[in-house]
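> FYI, the numbering for the sequence shown is 168 to 503, going by the numbering used here.
All C-beta atoms, glycine included, are put in the ideal place defined by N, C-alpha and C.
Every value quoted in this text rests on a predicted model; they were computed, and no experiment measured them.
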Amino acid sequence: MMELLSNYIPQFQGQKVTVNGYEGYKNGNDFYIIIPNPNNALLHQEQKLVSTYLIANGFENIASPIFNQQNNIITHLHEKEYVVCKGNIKKYSSQMSHPQLLASFHDTGTRYPYAPNYISSYGQWKTLWENKLDTFEQLYQQKMQERPVSHFQRLFLDSFPYLIGLSENAIQYLQETETDQRFHEGDQASITFQRYTNQVQKDLIWSHELTYDHPTRDICEHIRPLMSSDEGHSITRIKTFLNEYEQVRPLSIFGWRLLYSRLLFPIHLFDYLEVGLSTGNDEQIYESFEKALINQRNYQEKLSYFFEEMGIHPRQKAIPEIQWLKQTYKSKVKTQ
Numbered sequence: 168m169m170e171l172l173s174n175y176i177p178q179f180q181g182q183k184v185t186v187n188g189y190e191g192y193k194n195g196n197d198f199y200i201i202i203p204n205p206n207n208a209l210l211h212q213e214q215k216l217v218s219t220y221l222i223a224n225g226f227e228n229i230a231s232p233i234f235n236q237q238n239n240i241i242t243h244l245h246e247k248e249y250v251v252c253k254g255n256i257k258k259y260s261s262q263m264s265h266p267q268l269l270a271s272f273h274d275t276g277t278r279y280p281y282a283p284n285y286i287s288s289y290g291q292w293k294t295l296w297e298n299k300l301d302t303f304e305q306l307y308q309q310k311m312q313e314r315p316v317s318h319f320q321r322l323f324l325d326s327f328p329y330l331i332g333l334s335e336n337a338i339q340y341l342q343e344t345e346t347d348q349r350f351h352e353g354d355q356a357s358i359t360f361q362r363y364t365n366q367v368q369k370d371l372i373w374s375h376e377l378t379y380d381h382p383t384r385d386i387c388e389h390i391r392p393l394m395s396s397d398e399g400h401s402i403t404r405i406k407t408f409l410n411e412y413e414q415v416r417p418l419s420i421f422g423w424r425l426l427y428s429r430l431l432f433p434i435h436l437f438d439y440l441e442v443g444l445s446t447g448n449d450e451q452i453y454e455s456f457e458k459a460l461i462n463q464r465n466y467q468e469k470l471s472y473f474f475e476e477m478g479i480h481p482r483q484k485a486i487p488e489i490q491w492l493k494q495t496y497k498s499k500v501k502t503q
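1. In chain order, which beta strand (DSSP E) runs of at least 3 residues are fully inside the stretch 287-325?
2. If you drop the 5 nearest sequence neighbours on each side, which residues of the same chain put their C-beta closer than 7 Å to that of lysine 293?
3. Look at the alpha carbon of glutamine 178 and the alpha carbon of aspartate 380, and state the distance between them as a whole number of angstroms.
4. From which residue to which residue does the beta strand (DSSP E) around leucine 377 run?
5. Could you say if the stretch 434-442 and the stretch 482-497 meet the contact criterion of at least three C-beta pairs nearer than 8 Å?
6. Report the rounded CA-to-CA distance for glutamate 248 versus asparagine 206, giving the unit in angstroms.
7. What does a CB cutoff of less than 6 Å around leucine 412 pick up in its chain, not counting 5 residues either side in sequence?
8. By Cβ distance, which residues of its chain are closer than 8 Å to threonine 242, with the 5 residues on each side in sequence left out?
9. Suppose you measure from the CA of isoleucine 420 to the CA of phenylalanine 350; what does that come to, to the nearest Å?
10. Under 8 Å by Cβ, that's how I've got aspartate 354 and glycine 422 pegged, so tell me the actual separation to the nearest angstrom.
11. Considering only the beta carbon of each residue, do tyrosine 199 and glycine 191 sit closer than 7 Å?
12. In terms of residues, what are the limits of the alpha helix (DSSP H) holding glutamate 454?
13. Among Lys253, Asn255 and Phe272, which one has its Cα closest to the Cα of serine 261?
14. Could you name the residues that DSSP lists as bridge partners for valine 184?
15. Cα-Cα, which of Leu209, Asn228 and Ala223 is closest to aspartate 197?
16. Is the CB-CB distance between histidine 435 and arginine 464 below 7 Å?
17. Does the Cβ of aspartate 385 have 16 or more other Cβ atoms within 10 Å, making it buried, or fewer, making it exposed?
18. Tell me, please, which residues DSSP counts as bridged to tyrosine 199.
19. With DSSP collapsed to three states, give me the class of lysine 247.
20. Can you give me the Cβ contacts of asparagine 224 inside the same chain, cut-off strictly under 6 Å, excluding the 5 residues immediately before and after it?
21. What does DSSP give as the partner residue(s) for serine 357 in the beta ladder?
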């Protein structure tokens, strides 16, 4: 891959390294990481601008794409495409707690002076979710006609009607939420992550993971695994995370409802399906998907009393709830 780097820096020299599974080279304090099969060049260009802004505002450990000598972000070599990202790995250290640091990241992101076109999902959840559901419904109809099917495909066919029901609930709840006028400045779009996995705590942040959306996107994806957990203190951990986040960035009623909408939509289950159905190794993900479906009972139970546990009174705040969840888990619902 030294040949590839010579398209960026003449006579490049460096020590070969692997970072998060990506091949690259270290030169001094700088890491040049090679990303194969990149996204659209326009996406990377917007992510480069966003990265430059974040680096200038204190988030220096971002691997950002660089231009080659032809002033292009994507380089073609041996009939393949690559992006090279330059980054400076910094050992994570912060005086803030994790949720406070994420809130600070979102604060910085809301001050980004431009509105991205290609990486933005702000205000588009309903359309994106409907498109995702349509895509999987087509796959479902296709797989219904196929024989034989693998264990994973059979699990997909058996569970998909359930996913349709969850998705339609979430889309309807989101649609009603979008008419709620109880929002404030904290509901502005911000720089976020496509799938938040505690990136603000990591030594290196990848620019291709950045997007532009409502901050509750990241909050939701952090607490989603805790919603599935059967660990006794998981709901307390969720509450602590949200309380500490709100010390920096309070959520509006609209924000709480948006967070709940996203929790309702089974993104985590669709993620398993996308991996399993797009590769030839669906059996490898069968057990993980099956376990996730089993853990849906924990997930739904927490959803049924989510607002109460977070110290919010749905009736007093005129926040709608999902009645079938309340009825199914009514013995568990906390009264305040």
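In short, the structure shows the following:
1. As for any beta strand (DSSP E) of minimum length 3 sitting wholly inside the stretch 287-325, there is none.
2. Residue mapping note: residue 293 aligns to position 126 of the sequence shown, counting from 1. Closer than 7 Å at the Cβ level, and outside the excluded window around lysine 293, lie Ile338, Leu341 and Gln342.
3. As a first step, residue 178 must be located in the sequence shown, where it is residue number 11. As a first step, residue 380 must be located in the sequence shown, where it is residue number 213. Those two C-alpha atoms are separated by around 40 Å.
4. Counting from one through the sequence shown, the residue named residue 377 turns up at place 210. Its beta strand (DSSP E) spans residues 377-380.
5. The answer is no - the stretch 482-497 does not touch the stretch 434-442, with fewer than three Cβ pairs under 8 Å.
6. Walking along the sequence shown from the start, residue 248 turns up at place 81. Walking along the sequence shown from the start, residue 206 turns up at place 39. Glutamate 248 and asparagine 206: Cα-Cα distance of roughly 10 Å.
7. Here residue 412 corresponds to residue number 245 of the sequence shown, with the count starting at 1. Note on identity: in this sequence residue 412 is tyrosine, with leucine being the wrong assignment. The answer, listed in chain order, is Pro266 and Ala270.
8. For the purposes of this step, residue 242 is identified with residue 75 of the sequence shown, where counting begins at 1. In chain order, Leu171, Asn174, Tyr175, Asn235, Glu248, Tyr249, Val250 and Val251 place their CB closer than 8 Å to the CB of threonine 242, counting only its own chain and leaving out the 5 sequence neighbours on each side.
9. Position 253 of the sequence shown holds residue 420. Position 183 of the sequence shown holds residue 350. Approximately 7 Å between the Cα atoms of the pair.
10. Position 187 of the sequence shown holds residue 354. Position 255 of the sequence shown holds residue 422. Contact annotation, aspartate 354 with glycine 422: C-beta distance approximately 6 Å; criterion of less than 8 Å satisfied.
11. As a first step, residue 199 must be located in the sequence shown, where it is residue number 32. As a first step, residue 191 must be located in the sequence shown, where it is residue number 24. Yes. Within cutoff.
12. On the sequence shown, position 287 is the one that residue 454 refers to. Segment 449-461, the alpha helix (DSSP H) holding glutamate 454.
13. Taking the first residue of the sequence shown as position 1, residue 261 is located at position 94. Comparing alpha-carbon positions, the option among Lys253, Asn255 and Phe272 lying closest to serine 261 turns out to be Phe272.
14. Position 17 of the sequence shown, counted from the start, is the residue given in the question as residue 184. In the DSSP assignment, valine 184 forms a beta bridge with Gly191.
15. Position 30 of the sequence shown, counted from the first residue, corresponds to residue 197. Aspartate 197 has its Cα closest to that of Asn228, out of Leu209, Asn228 and Ala223.
16. Here the question's residue 435 lines up with position 268 in the sequence shown. Here the question's residue 464 lines up with position 297 in the sequence shown. Result no, Cβ atoms of histidine 435 and arginine 464 do not sit closer than 7 Å.
17. Within the sequence shown, the letter at position 218 stands for residue 385. Its Cβ being crowded by 16 or more others within 10 Å, aspartate 385 is buried.
18. On the sequence shown, residue 199 is found 32 positions in, with the first residue counted as 1. Answer is Tyr192 and Lys253, bridged to tyrosine 199.
19. For the purposes of this step, residue 247 is taken as residue 80 along the sequence shown, with counting starting at 1. Strand, per DSSP.
20. As a position in the sequence shown, residue 224 is number 57, starting the count at 1. Sequence-distant Cβ neighbours of asparagine 224 in its own chain, meaning closer than 6 Å and more than five residues away, are Thr275.
21. As a working mapping, residue 357 is identified with position 190 in the sequence shown. BP columns for serine 357 point to Asp380.
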